[in-house]
Amino acid sequence: MNSLESATIELIWNKSKKTNKPIYMIIDDTISEKTKLSSKAKNIIEKCSFHNSHLKRKTVYGHQLVVALLSCDGLVLPYAIKIYDKEKMSKIDIATNLISSLSKSINRGFVLCDSWYSCKAIFMASKEAG
2 MNSLESATIE LIWNKSKKTN KPIYMIIDDT ISEKTKLSSK AKNIIEKCSF
52 HNSHLKRKTV YGHQLVVALL SCDGLVLPYA IKIYDKEKMS KIDIATNLIS
102 SLSKSINRGF VLCDSWYSCK AIFMASKEAG
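Read left to right, the sequence shown gives residues 2 to 131 (our numbering).
The following block contains the structure:
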């Protein structure tokens, strides 16, 4: 666990303890589109590839990031930002690893994500994490 993750957990868990409110893990992904392909750039951009952009309804070139935020009673903090590399791990695997990385919340906890992440692996990871 890195320092951002540790600090975010400490602040959010303390907020939950004080307010008796639930903790939410919010997971989503986004694409940071690049204007030049690596083949046309002076230097190759590491971990860039082609991704399907639902927003633009086409394939775009860039980095795809999976982001997790933690929230409790109006306090929203970044927890993790992971670069999606299709060669290594799926976005579902990244999300389940993020969910599993949390210690059990003091009060109830919820995972919020869009319908693309609705699958058995996410539900099971959420259930196991409490």
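Note that CB positions come from ideal geometry on N, CA and C, so glycine has one too.
Owing to the predicted nature of the structure, the values given are computational and were not obtained by experimental measurement.
Of the other Cβ atoms in all chains shown, 16 or more fall within 10 Å of the Cβ of residue 69; this residue is therefore buried. Going by DSSP, residue 59 is part of the beta strand (DSSP E) stretching over 59 to 73. Between the alpha carbons of residue 121 and residue 84 lies a gap of roughly 23 Å. Excluding its 5 nearest sequence neighbours in each direction, residue 28 has C-beta neighbours in its own chain below 6 Å: 69, 96 and 114, listed in chain order. Classified as buried, residue 81 has 16 or more neighbouring CB atoms from the shown chains inside 10 Å of its CB. Taking every protein chain shown into account, the CB of residue 16 has 16 or more other CB atoms within 10 angstroms, so this residue is buried. Remark: C-beta atoms of residue 24 and residue 10 do not approach each other more closely than 7 Å. Here DSSP, grouped into helix, strand and coil, assigns residue 94 to helix. Distance from the Cα of residue 124 is smallest, within the candidate group 61, 100 and 66, for 100. Residue 103: not part of any beta strand (DSSP E); DSSP gives it neither H nor E.
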